[in-house]
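Have a look at the structure below, then the notes.
Structure below.
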């Protein structure tokens with residue numbers, strides 16, 4: 001038997017944790033920039049360091065954070081799709097490869113679709 005699908009509860013939990021880490025990354029990025037800006041340091045070397053931070057490091061960290069947050073959103077979306085797919089009439093959904101159906105949730109667990117070999 002082939003397993004298709006996911007456990008939506010676990011996926012939502014992981015999505016929330018991923019989102020939390022993405023938000024923390026944003027917070028760390030802000031904190032690091034403030035450490036640089038708040039230094040009692042004047043002169044062209046300081047300006048070069050701040051410019052490097054703003055142009056390169058901050059940009060890369062923001063992009064990383066955005067991608068991490070996007071993964072969290074995507075996982076949450078897939079969990080919703082799995083719940084919708086598993087909510088077929090009487091808990092049955094068509095098997096993608098054969099068109100056969102079997103009860104969702106047994107024996108592979110909640111939110112699963114079993115496909116029996118031909």
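In the UniProt record's numbering, the protein residues as written are 1 to 118.
All C-beta atoms in this analysis are idealised placements derived from N, C-alpha and C, irrespective of residue type, glycine included.
Segment limits, alpha helix (DSSP H) that includes residue i
| i | result |
| --- | --- |
| residue 52 | 44 to 52 |
| residue 58 | 58 to 86 |
Best match in the options for proximity to residue i [C-alpha to C-alpha]
| i | options | result |
| --- | --- | --- |
| residue 64 | 19, 86, 6, 35 | 19 |
| residue 25 | 81, 69, 87 | 69 |
| residue 13 | 84, 71, 53 | 71 |
| residue 57 | 33, 9, 17 | 33 |
| residue 62 | 28, 38, 5, 17 | 28 |
Beta-carbon proximity list for residue i, same chain, < 7 Å, skipping 5 on both sides
| i | result |
| --- | --- |
| residue 21 | 68 |
| residue 17 | none |
Close Cβ partners of residue i (< 6 Å) along its chain, the five nearest in sequence each way excluded
| i | result |
| --- | --- |
| residue 44 | none |
Same chain only: Cβ atoms within 8 Å of residue i, ignoring 5 sequence neighbours per side
| i | result |
| --- | --- |
| residue 11 | 75, 76, 78, 79, 82 |
| residue 73 | 15, 19 |
| residue 37 | 50 |
| residue 46 | 39 |
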